[in-house]
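Enquirer:
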Amino acid sequence: DTEVTQTPKHLVMGMTNKKSLKCEQHMGHRAMYWYKQKAKKPPELMFVYSYEKLSINESVPSRFSPECPNSSLLNLHLHALQPEDSALYLCASSHAGQAYGYTFGSGTRLTVV
Amino acid sequence: GIQVEQSPPDLILQEGANSTLRCNFSDSVNNLQWFHQNPWGQLINLFYIPSGTKQNGRLSATTVATERYSLLYISSSQTTDSGVYFCAVGRGWNTDKLIFGTGTRLQVFP
Chain X
4 DTEVTQTPKH LVMGMTNKKS LKCEQHMGHR AMYWYKQKAK KPPELMFVYS
54 YEKLSINESV PSRFSPECPN SSLLNLHLHA LQPEDSALYL CASSHAGQAY
104 GYTFGSGTRL TVV
Chain P
19 GIQVEQSPPD LILQEGANST LRCNFSDSVN NLQWFHQNPW GQLINLFYIP
69 SGTKQNGRLS ATTVATERYS LLYISSSQTT DSGVYFCAVG RGWNTDKLIF
119 GTGTRLQVFP
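Going down the list, the protein sequences come from chains X and P. Heads up: the first sequence begins at 4 in our numbering, then just goes up one per residue. Heads up: the second sequence begins at 19 in our numbering, then just goes up one per residue.
(1) Give me the chain X residues within the contact set of Tyr66 of chain P, using Cβ-Cβ distance strictly less than 8 Å, ordered along the chain.
(2) With DSSP as the reference, label Thr111 of chain X as helix, strand or coil.
(3) Going by other Cβ atoms of all chains shown within 10 Å of its Cβ, with 16 needed for buried, is Tyr105 of chain X buried or exposed?
(4) Run through the DSSP bridge pairs and tell me what Tyr105 of chain X is partnered with.
(5) Using 8 Å as the limit for Cβ to Cβ distance, is Ala170 of chain X near chain P?
(6) When we look at the beta-carbon of Glu33 of chain P and count the other beta-carbons within 10 Å, is it buried (16 or more) or exposed?
(7) Apart from the five residues just before and just after Leu39 of chain P, which ones in its own chain have a Cβ nearer than 6 Å to its Cβ?
(8) I need the straight-line Cα distance from Leu61 of chain P to Pro46 of chain X, nearest angstrom please.
(9) Nearest-angstrom Cα distance between Ser65 of chain X and Leu81 of chain X?
(10) At the level of alpha carbons, what is the spacing between Ser97 of chain X and Val107 of chain P?
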């Protein structure tokens with residue numbers, strides 16, 4: 004299995020809703036990432052988990068809450084989002100330490116209304 | 019922080035043409051990767067190339083780390099090559115953080 008699977012593919016949520024994005028990989032990668040990508044911009048790193056521990060938080064607002072329940076799963080919990088948080092949210096995984104074998108999921112396109 | 023600039027920002031080609039995409043970075047790196055984002059948003063890893071030259075079919079890449087640039091060559095381009103090409107760099111021997119460049123948007127017409 005050489006894929007990173009993200010669900011859902013599309014999500015529309017209100018500003019008072021709570022939702023979660025899910026990401027799964029079975030490549031034995033021990034580093035997992037969340038990126039945010041706005042239209043016509045490069046991906047921006049949000050969080051890095053290395054060996055199931057949060058190693059990097061790029062000063063992301065607390066309305067985004069990551070979770071890594073085990074080495075194969077990564078979640079992003081969303082609460083009280085703003086319309087400007089609408090974007091493509093990408094999950095990726097790689098071998099830890101050198102980011103070798105970086106593999107992206109197909110993303111969740113989030114719209115906040 | 020490190021700056022990663024790509025050129026050209028936009029490129030329009032006819033099928034069969036060759037092209038060279040450039041990635042300049044402002045500080046030393048020990049991790050450099052090239053990605054292709056297709057029109058549906060999927061990012062595909064093309065090369066892991068912190069230094070040297072690699073080839074994969076019609077694509078090849080060269081990184082000259084001492085001069086802080088990398089080049090991606092696309093030969094005999096096809097319409098399926100359309101999309102955005104990103105280089106991404108990382109620093110340090112124990113970090114998983116990649117900084118993405120500004121991207122080159124490529125359109126290949128039949």
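Quick reminder that beta carbons are idealized off the backbone N, C-alpha and C, glycines included.
Expert: Straight from the coordinates:
(1) Those are Tyr103, Gly104, Tyr105, listed as they occur along chain X.
(2) Strand, per DSSP.
(3) Using a 10 angstroms sphere on the CB of Tyr105 of chain X, the tally of other CB atoms reaches 16 or more, which defines it as buried.
(4) The secondary-structure analysis by DSSP pairs Tyr105 of chain X with nothing; it has no beta-bridge partner.
(5) Because chain X is modelled from 4 through 116, residue 170 of chain X falls outside the range shown and cannot be assessed.
(6) It is exposed - the Cβ of Glu33 of chain P has fewer than 16 other Cβ atoms within 10 Å.
(7) If the five residues before and after Leu39 of chain P are omitted, its C-beta is found closer than 6 Å to the C-beta atoms of Leu90, Tyr103, Thr122, all from its own chain and listed in chain order.
(8) Cα-Cα distance, rounded: 10 Å.
(9) Those two C-alpha atoms are separated by around 9 Å.
(10) Rounded to the nearest whole angstrom, the C-alpha separation of Ser97 of chain X and Val107 of chain P is 14 Å.
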